[in-house]
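**Q** This is the structure I want to talk about, given as C-alpha cells.
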Amino acid sequence: MKLLFIFVGIIGCSVIIPIITFKIITFSINTDSDKNIDFESLSKGYYGDYNEHNYFIINTPIVWEQVWNSTFSSQSTIPVINFTTNTIIAVYLGGRVTGGYHIIITRVGETPTNYNVYVTESSPSSTFTGELTPALSAPYHIIKTQKLTKNVSFVVTEYFYSSS
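Offset between the sequence shown (1-based) and this note's numbering: plus 12.
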C-alpha cells in the first residue's frame with residue numbers, strides 16, 4: 013500500500029496586490045511489507061545446550077562450527093554450508109527451568125536497505141494455570157537462507173499465554 017501526501021503551499025504574494033499562487037507537491041511513502049526471502053530450517057528444538065538469550069548471523073565456517081557445537085554437546089553431524097551463497101541465522105531463548113517456552117523464526121524479509129528477521133518468542137504468563145514440564149529447557153531455531161549482504165534487524169514478537 014502506498015500513501016500519497018499532498019501539500020498545498022503559498023509560493024508568492026505581494027503586499028499591494030495580493031497574488032497568490034499554489035503549487036502542489038506530492039511524494040509517497042512506501043508502506044508495502046518487505047519481500048519474503050526463502051529459508052530452510054536446519055534444526056529447531058527445546059533442549060539445546062546454548063543457555064544464553066541471543067541471536068546470531070553466521071557467515072563463516074569457523075563461527076558456524078562454534079555455534080553448532082555450543083548448541084549440541086553430543087556428537088551430531090554439522091550441516092555443510094556454502095557461505096559464498098548462504099547465511100545461517102540462529103536464535104536462542106536461553107536456559108529455562110521448565111518447558112513451555114518456544115522461539116521460532118517465522119519469516120525473513122528484504123527491504124531496499126536491510127533484511128528483517130521475524131522472531132516469535134512464547135512464554136507462559138504470570139497468570140498461567142496449566143502444568144509445565146519440570147525439565148531444563150533451552151529453545152532454539154537455526155535456519156539457512158540466501159547470503160545476506162545488507163544490515164540485519166531482528167523484529168521480535170513476545171507472546172505470553174495464560175492457559176494450556
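Glycine included, each C-beta is placed from N, C-alpha and C at the ideal position.
Rounded to the nearest angstrom, how far is the Cβ of T141 from that of S175, given a contact under 8 Å?
**A** Counting from 1 along the sequence shown, the entry for residue 141 is found at position 129. Counting from 1 along the sequence shown, the entry for residue 175 is found at position 163. The pair is a contact, with the Cβ atoms about 6 Å apart (cut-off 8 Å).
**Q** How long is the line joining the alpha carbons of S86 and N163, rounded to whole angstroms?
**A** Residue 86 sits at position 74 when you count from the first residue of the sequence shown. Residue 163 sits at position 151 when you count from the first residue of the sequence shown. If I take the Cα positions, the gap works out to 33 Å.
**Q** Buried or exposed: V129, going by 16 or more other Cβ atoms within 10 Å of its Cβ?
**A** Working through the sequence shown from its first residue, we reach residue 129 at position 117. By the 10 Å Cβ count, V129 comes out buried.
**Q** Decide if A147 is buried, meaning its Cβ has at least 16 other Cβ atoms within 10 Å, or exposed.
**A** As a position in the sequence shown, residue 147 is number 135, starting the count at 1. Exposed: under 16 other Cβ atoms inside 10 Å.
**Q** Suppose you measure from the CA of V120 to the CA of N98; what does that come to, to the nearest Å?
**A** Counting from 1 along the sequence shown, the entry for residue 120 is found at position 108. Counting from 1 along the sequence shown, the entry for residue 98 is found at position 86. The alpha-carbon atoms of V120 and N98 are separated by roughly 13 Å.
**Q** Is the region 54-73 close to the region 88-106, with three or more CB pairs under 8 Å?
**A** The answer is yes - the region 88-106 touches the region 54-73, with three or more Cβ pairs under 8 Å.
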